[in-house]
Amino acid sequence: TFLRWVLGVNVTMTLIIIMFVTIPEMLSDAGASAARYNSTYARKVMPEDVRKQSDELHTVWDYKGYMEYSLLFYGYYGSETYMGDTVQYSVPVAYFLSFLFVLGYSFFTILRKMAANARSSKMASGKAEQYIFNWNVFAGWDFTIGNPETAANAVMANVNKLRETIAEYQVKQKKKFL
1 TFLRWVLGVN VTMTLIIIMF VTIPEMLSDA GASAARYNST YARKVMPEDV
51 RKQSDELHTV WDYKGYMEYS LLFYGYYGSE TYMGDTVQYS VPVAYFLSFL
101 FVLGYSFFTI LRKMAANARS SKMASGKAEQ YIFNWNVFAG WDFTIGNPET
151 AANAVMANVN KLRETIAEYQ VKQKKKFL
């Protein structure tokens, strides 16, 4: 379910970018005047020397070649406002606002999911029952310790706590299988 959720968030963000940036740029190119075509020609038409090596691995790895001259590359977009019969549309502003919206959307979606998971994990069982080894190993260290002697004591305390947790876990496993 987590991967399905991540896929849904990514598809939503992709659709937002396609609807508000990619499609308007395609439409503005379709009805482009000669002035617009000439001003964006260098960014949108792949030179022959680049085309010759565009299929090589190092070119693809560095997002050059076809990717550099595709609609998905930022440098592709013109900086002028698209003027239709009834619509004026600025692709740079749409690009900026779309990415701000995508950033905010992903941030709040992740926060909402984290809050829902925290609530459900507290209801399901106590924190002491969940991921006991992870809690001891990753959350058991105080990074503000500056004294070497205190750090050595904290390490030994964490090691002892981990040993006790392992012993308790083994006892629970034995009781479970008896």
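Quick note on numbering: the sequence shown equals residues 1 to 178 in my numbering.
Glycine included, each C-beta is placed from N, C-alpha and C at the ideal position.
### Query
Rounded C-beta distance between Met19 and Val102? I'm assuming under 8 Å.
Incorrect: roughly 11 Å between the Cβ atoms, too far for contact.
### Task
Could you check what DSSP says for Thr81 in three-state terms: helix, strand or coil?
Strand, per DSSP.
### Query
Tyr89 and Phe73: beta carbons closer than 9 Å?
Going by C-beta atoms, Tyr89 is not nearer than 9 Å to Phe73.
### Task
Run the CB neighbour count on Glu25, radius 10 Å, all protein chains shown included, and call it buried at 16 or more, exposed below.
Glu25 comes out buried.
### Start-to-end residues for the beta strand (DSSP E) that takes in Tyr89
Note, Tyr89: beta strand (DSSP E), Gln88 to Ser90.
### Query
Mind checking Ser98: buried by the 16 CB within 10 Å criterion, or exposed?
Around the beta carbon of Ser98, 16 or more other beta carbons lie within 10 angstroms, which makes this residue buried.
### Task
Return the CA-CA distance between Thr1 and Leu15, expressed in angstroms with no decimal places.
Going from the Cα of Thr1 to the Cα of Leu15 covers about 21 Å.
### Span separating the alpha-carbon of Thr106 from that of Val171
The question names Thr, but residue 106 is Ser in the sequence shown. For the pair Ser106 and Val171, the Cα-to-Cα distance works out to about 43 Å.
### Task
Indicate whether Gly140 and Leu162 have their beta-carbon atoms separated by less than 9 Å.
Judged by their CB atoms, Gly140 and Leu162 are nearer to each other than the 9 Å cut-off.
### Message
Between which two residues does the alpha helix (DSSP H) holding Tyr63 run?
### Response
Here Tyr63 belongs to no alpha helix (DSSP H), and DSSP marks it neither H nor E.
### Query
Taking the C-alpha atoms as reference points, what is the distance between Phe138 and Leu71?
CA-to-CA, the gap between Phe138 and Leu71 works out to about 43 Å.
### Task
Give the secondary structure of Thr150 by DSSP, where H, G and I count as helix, E and B as strand, and everything else as coil.
Three-state DSSP puts Thr150 in a helix.
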